[in-house]
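Student: For the record, the sequence lines run as chains R and Z.
Residue 92 in the UniProt record's numbering sits at position 92 of the first sequence, and the numbers go up by one each step.
Residue 103 in the UniProt record's numbering sits at position 103 of the second sequence, and the numbers go up by one each step.
For each residue, glycine too, the CB sits at the ideal point set by N, CA and C.
Owing to the predicted nature of the structure, the values given are computational and were not obtained by experimental measurement.
My questions all concern the structure below.
There are 2 protein chains.
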Amino acid sequence: MTGETERKRAARKDAAEHLALTLAGAGMQRMAARVLAAFLFTDEPSLTAGDLVAELGASAGSVSGAVKTVMQMGLIERVAAPGSRREHYRMRDRAWTTLYGRQHAPIDDILSAVARGVATVEPGPARERLIYMRDFYEFLLGEVPSLIERFEQRRAGPRP
Amino acid sequence: MTGETERKRAARKDAAEHLALTLAGAGMQRMAARVLAAFLFTDEPSLTAGDLVAELGASAGSVSGAVKTVMQMGLIERVAAPGSRREHYRMRDRAWTTLYGRQHAPIDDILSAVARGVATVEPGPARERLIYMRDFYEFLLGEVPSLIERFEQRRAGPRP
DNA sequence: GTCTGTCTTCAGAAATTTCTGAACGTTCGC
DNA sequence: GCGAACGTTCAGAAATTTCTGAAGACAGAC
Numbered sequence: 001m002t003g004e005t006e007r008k009r010a011a012r013k014d015a016a017e018h019l020a021l022t023l024a025g026a027g028m029q030r031m032a033a034r035v036l037a038a039f040l041f042t043d044e045p046s047l048t049a050g051d052l053v054a055e056l057g058a059s060a061g062s063v064s065g066a067v068k069t070v071m072q073m074g075l076i077e078r079v080a081a082p083g084s085r086r087e088h089y090r091m092r093d094r095a096w097t098t099l100y101g102r103q104h105a106p107i108d109d110i111l112s113a114v115a116r117g118v119a120t121v122e123p124g125p126a127r128e129r130l131i132y133m134r135d136f137y138e139f140l141l142g143e144v145p146s147l148i149e150r151f152e153q154r155r156a157g158p159r160p
Numbered sequence: 001m002t003g004e005t006e007r008k009r010a011a012r013k014d015a016a017e018h019l020a021l022t023l024a025g026a027g028m029q030r031m032a033a034r035v036l037a038a039f040l041f042t043d044e045p046s047l048t049a050g051d052l053v054a055e056l057g058a059s060a061g062s063v064s065g066a067v068k069t070v071m072q073m074g075l076i077e078r079v080a081a082p083g084s085r086r087e088h089y090r091m092r093d094r095a096w097t098t099l100y101g102r103q104h105a106p107i108d109d110i111l112s113a114v115a116r117g118v119a120t121v122e123p124g125p126a127r128e129r130l131i132y133m134r135d136f137y138e139f140l141l142g143e144v145p146s147l148i149e150r151f152e153q154r155r156a157g158p159r160p
C-alpha cells in the first residue's frame with residue numbers, strides 16, 4: 001500500500017512543480033512560484049521554512065528569500081504557532097484575487113509613464129495614440145476592482 | 001529655434017525611453033519595448049528597421065529580432081511601401097486591446113496546470129484550494145473579452 | 001545577370017538574474 | 001544565563017537572458 005501512496009505523492013509533487021514552472025513562465029520568480037505551489041498543494045494546515053526546504057530540495061537561503069517575496073505579495077501569511085519555535089505560514093483566503101489585483105499594479109506605472117508622454121508630445125498622431133493608450137489603461141484600472149467583486153459575489157451567492 | 005525644437009525632440013525621446021523601461025519592468029523584453037515606444041511616439045506614418053536602428057542606437061540584429069517579436073504580438077504591422085526597398089512598419093489600431101488580450105494568454109497555461117492539479121489531488125484542503133483557483137481563472141478568462149468590448153463601445157459611442 | 005542596399009541569422013560576449021553555502025542573529029527551552 | 005535549533009543575510013558562483021557584430025540571403029535597380 002505504501003507503493004500506491006508514494007506514487008500519488010509523486011504525482012502531486014509533479015503537478016505542483018508543473019504549475020510552479022507555468023507561473024514562472026508567466027513572469028513570477030521561479031523559487032517564489034515553487035513556494036506558492038507547495039502551499040497550494042499541501043493538506044497540512046501550515047508549513048515552516050524547514051518544511052519547504054525539505055519539500056523543494058532548495059537551500060535555506062533561497063527559500064527564505066522566496067517566502068519573503070510571496071508574503072509581500074500577500075499570498076501567504078504568518079500563523080500563530082504556539083509550542084513551536086519555527087515560523088508557520090499558510091495561504092491566505094483571498095490569495096487569488098489578491099494576486100490578480102497585484103498583477104495590475106504595474107499598470108499604475110505604465111499609466112504614469114504614458115501621462116508623461118502625453119504631457120511632453122505636441123499635438124499630432126503620436127499624441128493621439130498616447131491619449132488612446134492612456135484612456136485604455138485608465139479604463140482597465142477602474143474595471144478590475146468590480147471584476148474581482150463580481151467573482152466574489154458569485155462565489156458567495158450560490159452557497160448561502 | 002533649432003535649439004527649442006531640439007530640446008523638445010530630446011524630451012520626447014526621454015519620455016519614450018522611460019515608457020519603454022516601464023513596460024520592460026512589467027515583463028516585456030527590453031528591446032521589444034523600446035521598439036514599441038518608438039512607434040508609439042513617432043509622428044511619421046511608418047518606420048523602417050533602419051529608422052529604428054538610428055533612433056534607438058541599437059544593432060541591426062537586435063532591432064530585427066525585436067521587430068519580429070513585436071509583430072508576432074500583433075502590435076505593429078507591415079505597410080505597403082511602393083518605391084522603397086525597405087520594409088515599412090506602423091502600429092496597428094487595436095494595439096492596446098490586443099496587447100491586453102495577449103497578456104491573458106498565459107492564463108490558459110495556468111488553467112491547464114491547475115486543472116491537472118485538480119485531477120491529481122485527492123479530496124482535501126489542497127483540492128478545495130485548487131478548485132477555487134481554477135474557478136477564478138476560468139471566470140477571468142471569460143470576462144476579459146467583454147471588458148475589451150465594453151471599452152471599444154465606450155470609445156465608439158461618444159463620437160458617432 | 002550583376003551589383004547594391006537592406007534585412008536576417010547565429011555564434012559568442014556582456015549583463016542580469018537566480019541560487020547556494022557559510023557566517024551571523026534571534027528566540028526558546030532549560 | 002547557556003546551549004541549541006532556526007531563520008536571515010550576503011558575497012560569490014552558476015545559469016539564463018539579452019545584445020552585438022559579422023556573415024549570408026534576398027530583392028530590386030540597372
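Which whole runs of the alpha helix (DSSP H) in the UniProt domain "HTH marR-type" (27–87) of chain R are 4 residues long or more, in chain order?
Tutor: DSSP runs (the alpha helix (DSSP H)) wholly in the UniProt domain "HTH marR-type" (27–87) of chain R: 30–41, 49–56 and 60–72.
Student: Cβ closer than 9 Å: which chain Z residues qualify as neighbours of P145 (chain R)?
Tutor: As a working mapping, residue 145 (chain R) is identified with position 145 in the first sequence. Near P145 (chain R) there are no residues of chain Z at all, since even the closest Cβ is about 13 Å away, more than 9 Å.
Student: Return the residues of the stretch 130–142 of chain R that lie within a Cβ-Cβ distance of less than 8 Å from chain Z, sorted by chain order.
Tutor: Using a CB distance below 8 Å, the part of the stretch 130–142 of chain R facing chain Z consists of L130, Y132, M133, D135, F136, Y137, F139 and L140, ordered along the chain.
Student: Could you tell me whether the stretch 120–133 of chain Z touches the stretch 126–145 of chain R, where touching means 3 or more Cβ pairs closer than 8 Å?
Tutor: no
Student: Determine, using beta carbons only, whether L47 (chain R) comes closer than 8 Å to chain Z.
Tutor: For this step, residue 47 (chain R) is matched to residue 47 along the first sequence. No - not a single Cβ of chain Z is within 8 Å of the one on L47 (chain R).
Student: Reducing DSSP to helix, strand and coil, say where R155 (chain R) ends up.
Tutor: For the purposes of this step, residue 155 (chain R) is taken as the residue at position 155 of the first sequence. Correct three-state label for R155 (chain R): helix.
Student: Taking 8 Å as the threshold (beta carbon to beta carbon), is D51 (chain R) in contact with chain Z?
Tutor: As a first step, residue 51 (chain R) is located in the first sequence; it is residue number 51 there, counting from the start. Output row for D51 (chain R): interface = no.
Student: In the DSSP output, which residue or residues are listed as bridge partners for M91 (chain Z)?
Tutor: The residue labelled residue 91 (chain Z) in the question sits at position 91 within the second sequence. Answer is Z:I76, bridged to M91 (chain Z).
Student: Since A15 (chain Z) and V35 (chain Z) are thought to touch, with beta carbons under 8 Å apart, how far apart are those beta carbons, to the nearest angstrom?
Tutor: Counted from its first residue, the second sequence places residue 15 (chain Z) at position 15. Counted from its first residue, the second sequence places residue 35 (chain Z) at position 35. Incorrect: roughly 16 Å between the Cβ atoms, too far for contact.
Student: With respect to the alpha helix (DSSP H) encompassing G117 (chain R), which residues constitute its N-terminal and C-terminal limits?
Tutor: Taking the first sequence and counting its residues from 1, one reaches residue 117 (chain R) at position 117. Taken as a continuous stretch (DSSP letters only), the alpha helix (DSSP H) holding G117 (chain R) covers A105 to T120.
Student: Cβ closer than 9 Å: which chain Z residues qualify as neighbours of T22 (chain R)?
Tutor: Taking the first sequence and counting its residues from 1, one reaches residue 22 (chain R) at position 22. By Cβ distance, chain Z contributes P106, D109, I110, S112, A113 and V114.
Student: Where does P123 (chain R) sit, in a helix, a strand or coil, going by DSSP?
Tutor: On the first sequence, residue 123 (chain R) is found 123 positions in, with the first residue counted as 1. Looking at P123 (chain R) - three-state DSSP - the assignment turns out to be coil, as it is neither helix nor strand.
Student: Can you grab the Cα-Cα spacing for the pair E55 (chain R) / Q29 (chain R), in whole Å?
Tutor: Taking the first residue of the first sequence as 1, we reach residue 55 (chain R) at position 55. Taking the first residue of the first sequence as 1, we reach residue 29 (chain R) at position 29. Each residue's CA atom was taken as its position, placing E55 (chain R) and Q29 (chain R) some 18 Å apart.
Student: Between R12 (chain R) and chain Z, is there a C-beta pair that is closer than 8 Å?
Tutor: What you label residue 12 (chain R) is simply residue 12 of the first sequence in a count that begins at 1. Yes, its Cβ sits closer than 8 Å to a Cβ of chain Z.
Student: Figure out for me which residue from R:L147, R:Y100, R:R154 and R:L140 has the closest Cα to the Cα of E152 (chain Z).
Tutor: Here residue 152 (chain Z) corresponds to residue number 152 of the second sequence, with the count starting at 1. If we check each option's Cα against that of E152 (chain Z), R:L140 comes out closest.
Student: Rounded to the nearest angstrom, what separates A156 (chain R) and T98 (chain Z) at their Cα positions?
Tutor: Residue 156 (chain R) sits at position 156 when you count from the first residue of the first sequence. Residue 98 (chain Z) sits at position 98 when you count from the first residue of the second sequence. The alpha-carbon atoms of A156 (chain R) and T98 (chain Z) are separated by roughly 32 Å.
Student: Out of Z:S112, Z:G27, Z:R94 and Z:I76, state which residue places its alpha-carbon closest to the alpha-carbon of A105 (chain R).
Tutor: Here the question's residue 105 (chain R) lines up with position 105 in the first sequence. Per the Cα distances, Z:G27.
Student: Once you ignore the five residues that flank A81 (chain R) on each side, which residues in its own chain have a CB closer than 6 Å to its CB?
Tutor: By 1-based counting over the first sequence, the position of residue 81 (chain R) is 81. Closer than 6 Å at Cβ, skipping near neighbours: H88.
Student: Given that a residue counts as buried once 16 or more other Cβ atoms are within 10 Å of its Cβ, and exposed if not, what is G57 (chain Z)?
Tutor: Translated into positions along the second sequence, residue 57 (chain Z) becomes position 57. By the neighbour-count rule (16 or more Cβ atoms within 10 Å), G57 (chain Z) is not buried but exposed.
Student: Applying the criterion that 16 or more other CB atoms from any shown protein chain within 10 Å of the CB defines a buried residue, is A113 (chain Z) buried or exposed?
Tutor: The residue labelled residue 113 (chain Z) in the question sits at position 113 within the second sequence. Counting Cβ neighbours within 10 Å, A113 (chain Z) comes out buried, since at least 16 surround it.
Student: Beta carbons nearer than 9 Å to chain R: which residues of the UniProt domain "HTH marR-type" (27–87) of chain Z have them?
Tutor: Flagged, chain order: G27, A37, F39, L40, F41, T42, D43, E44 and P45.
Student: Assuming G101 (chain Z) and V144 (chain Z) form a contact by the criterion Cβ under 8 Å, report the distance between their Cβ atoms to the nearest whole angstrom.
Tutor: Here residue 101 (chain Z) is taken as the residue at index 101 of the second sequence, counted from 1. Here residue 144 (chain Z) is taken as the residue at index 144 of the second sequence, counted from 1. Sure, about 7 Å apart at Cβ, within 8 Å.
Student: Given this structure, state the Cα-to-Cα distance separating A119 (chain R) from L111 (chain Z), to the nearest angstrom.
Tutor: By 1-based counting over the first sequence, the position of residue 119 (chain R) is 119. By 1-based counting over the second sequence, the position of residue 111 (chain Z) is 111. Going by the C-alpha atoms only, they are around 40 Å apart.
Student: For T48 (chain R), which residues from the same chain have a beta carbon less than 6 Å from its beta carbon, with the 5 sequence-adjacent residues on both sides left out?
Tutor: Taking the first residue of the first sequence as 1, we reach residue 48 (chain R) at position 48. Around T48 (chain R): R86 and H88.
Student: Quick one: which chain R residues come within Cβ less than 8 Å of Y100 (chain Z)?
Tutor: The sequence position of residue 100 (chain Z) within the second sequence is 100, counting from 1. Those are F136 and L140, listed as they occur along chain R.
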